[in-house]
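Sequential numbering from 841 applies to the sequence shown in our numbering.
A quick write-up on the structure given underneath.
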Amino acid sequence: MEATQETQTHSHAHSHSHGGSGAHEHVCWGHSTHSPAHHRLEVSNLKVSYKEVLALEQINFATECGRSVALVGPNGAGKSTLLKSLAGLLKADSGRILWRGSPLVSSSHELAYLPQRGDVDWNFPITVRGLVEMGRYPNLGWWKKYSAHDEEIVERALEAMALKDLQKRQISALSGGQQQRAFIARALAQEAHVLLLDEPFTGLDKPAQETLIRLFKELTREGRLLIASHHDLKSVPAIFDEVLVIKKKQFAFGPVKEVYSDKLIEETYSS
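Right under this line is the structure:
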């Protein structure tokens, strides 16, 4: 059922794009449409300390909308630190992060950070719909009222993640896979171009993982950029287009088919 709804939503989203040039058209629900190539994320010489301990250095990569990137490395490699830095939640010591050619801060509402499920207070009293509506807040600012347009965006986000039937349910009552879809729906309601996901597959059963993989592929086809830390090394080629391998420093970055190898993983994970 979910796969059918996701496929229908994908077609629905493309019918709203200007010019209808399929995968080359960047879908953004509330704004004008641009080519994914204009939506480029560039990271240069990034160095980040966390509580005065060096967490990351010499991080250099560039990618763009329409792609999915696996962030791979052993525990303590700095994966969560990098995601939080890209989300603007941690300040870099040095280096720069450019989004669409400008420093990240000027367009941060276009990036959405989805924490590890273990870092979320699932007992917080809010419904699925309430959580997704929170995605509209960055677009509203101080004085704007919640409008019919905002309502439409929330409806589309719920529909895209197959959550319409669950919208009145408390988030604490959701399964792990439903919780992930609810957070992705909030990111879609925010009209985020870039989704930064910290271990999104952890703790999900096989059907929920397969659903999430399908959603990843739909979202990248719609023209979004997904960057996700990922610990299941064998599944990287089946899910992602590009891979960034780090262990406090960058070991490799590029298309999975070109750079991802047993030798690389062995070098990264050996002490």
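By construction, the Cβ of each residue, glycine as well, lies at the ideal position given by its N, Cα and C atoms.
Remember, predicted model here, so these are calculated numbers, not experimental data.
CA-to-CA distance, residue j to residue i, given in whole angstroms
i, j, result
"Ser889", "Arg936", "14 Å"
"Arg1026", "Gly970", "9 Å"
"Asn900", "Glu1031", "26 Å"
"Met1001", "Leu886", "34 Å"
"Thr873", "Glu973", "Caution is warranted here: a pLDDT of 45 is assigned to Thr873, below 50, making its placement in the model unreliable, and no coordinate value can be reported."
"Ile1024", "Glu1106", "32 Å"
"Pro1077", "Val1096", "6 Å"
"Val1034", "Leu938", "13 Å"
"Thr903", "Leu1003", "30 Å"
"His864", "Glu892", "Here His864 scores only 34 on pLDDT, less than 50, and its place in the model should not be relied on; the value that follows carries that caveat. Taking the straight line joining both Cα atoms gives about 43 Å."
"Gln1019", "Lys1046", "15 Å"
"Gly916", "His878", "33 Å"
"Ser1110", "Gly918", "16 Å"
"Ser925", "Lys985", "31 Å"
"Thr844", "Ser934", "With a pLDDT of only 35 at Thr844, under the threshold of 50, the placement of this residue in the model should not be trusted; the figure read from the coordinates follows. Using only the alpha carbons, I get a separation of about 46 Å."
"Gly906", "Ser1075", "20 Å"
Test item: CB-CB of residue i and residue j under 9 Å
i, j, result
"Leu896", "Leu922", "yes"
"Ala927", "Leu951", "yes"
"Arg880", "Gly941", "yes"
"Ser920", "Ser1069", "yes"
"Phe1091", "Thr1108", "yes"
"Ala910", "Leu1044", "no"
"Leu894", "Lys1087", "no"
"Arg1009", "Asp990", "no"
"Leu1052", "Val912", "no"
"Leu1006", "Val968", "yes"
"Leu1028", "Ser908", "no"
"His1071", "Glu1039", "yes"
"Pro914", "His949", "no"
Cβ distance (whole Å) where residue i is taken to contact residue j below 8 Å
i, j, result
"Ser1015", "Ala1048", "7 Å"
"Leu1055", "Tyr953", "Not confirmed; about 17 Å, so no contact."
Paired residues, beta bridge with residue i - DSSP
i, result
"Glu880", "A small correction: the amino acid at residue 880 is Arg; Glu does not occupy that position in the sequence shown. For Arg880, which the question treats as bridged, DSSP gives the partners Glu904."
"Ala1068", "Ala910 and Leu1037"
"Thr967", "Gln1010"
"Val1099", "Answer by DSSP bridge pairing: none, since Val1099 is not bridged."
"Gln1090", "Ile1086"
"Lys887", "Ser934"
"Ala952", "Leu1035"
"Leu896", "Val888"
is_contact[residue i, chain B] using C-beta, thresh 9 Å
i, result
"Gly906", "In the displayed structure, chain B is absent; only one protein chain is listed."
Inter-stretch contact at 8 Å, needing at least 3 Cβ pairs: the region 947-967 / the region 984-998: No contact exists between the region 947-967 and the region 984-998.
Given 8 Å, three or more beta-carbon pairs between the region 1098-1105 and the region 1058-1065: No, the region 1098-1105 does not touch the region 1058-1065.
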